[in-house]
Amino acid sequence: MDKREMAYIVAERKDPKTGELEVIGTSQVIVPWWDRAYNYQFNEGWSQDDFDCEIDTLYVKIGVQGGGVGRKLVLGAMQKGYDRLNMRRGVIIWTHEQNYQTREFYKRIGCVEVARRTLDQGGAPSECVAYGFRSVGGAIGK
């Protein structure tokens with residue numbers, strides 16, 4: 805069982821048809837787990853020692869994407885990491901190489917590409933790209 809420290813952020817809105825609250829996005833911040841069997845290849849000037857914060861989950865409901873929810877979830881996750889988990893170094897966020905929409909989103913919010921890795925997903929290799937911020941505090945304006 806994974807016992808790393810983590811915190812969750814949930815974005816909600818009132819459903820325009822029912823008036824009920826609905827979840828439109830979630831994010832999770834965790835302490836990075838470097839012991840997994842990944843072949844990390846960090847870009848020049850970056851290493852795993854630069855990061856004490858990983859945004860492990862980011863989901864935004866289709867239909868509300870592009871409206872600022874993702875940015876707020878990323879910033880909210882970093883704020884929780886800063887306030888509750890004392891994360892002060894860099895932030896790393898992974899996505900699949902083929903997920904061009906997400907990769908462009910990370911660039912738009914100020915992340916830079918920092919690493920690559922290959923995951924083994926049921927015997928099929930899956931290429932991933934990491935984006936990051938140099939510091940949690942800098943990213944959230946502290």
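Just so we're aligned, residue 805 is where the sequence shown starts under the working numbering, counting upward by one. Glycine is no exception: its CB is placed at the ideal position from the N, C-alpha and C atoms.
Exercise. By how many angstroms is the C-alpha of residue 938 removed from the C-alpha of residue 811?
Worked result: Taking the straight line from one Cα to the other gives about 20 angstroms.
For this session: Give me the Cα-Cα distance between residue 894 and residue 917, rounded to the nearest whole angstrom.
Result: Cα-Cα distance, rounded: 13 angstroms.
Exercise. Pairing CB atoms from the segment 816–823 with CB atoms from the segment 851–862, are three or more of them under 8 angstroms?
Worked result: Segment contact: the segment 816–823 against the segment 851–862, fewer than three CB-CB distances shorter than 8 angstroms; contact not assigned.
Problem set entry | Cutoff 8 angstroms; reference residue 941; Cβ partners in own chain excluding five residues on either side | Closer than 8 angstroms at the Cβ level, and outside the excluded window around residue 941, lie 886, 892.
Problem set entry | Where the beta strand (DSSP E) through residue 899 begins and ends | DSSP places residue 899 in the uninterrupted beta strand (DSSP E) bounded by 894–900.
For this session: Rounded to whole angstroms, what's the CA-CA distance from residue 863 to residue 926? Just pull it up for me.
Result: Between the alpha carbons of residue 863 and residue 926 lies a gap of roughly 23 angstroms.
Exercise. Between residue 847 and residue 921, is the Cβ-Cβ spacing less than 7 angstroms?
Worked result: With a cutoff of 7 angstroms on beta-carbon distance, residue 847 and residue 921 are scored as not near each other.
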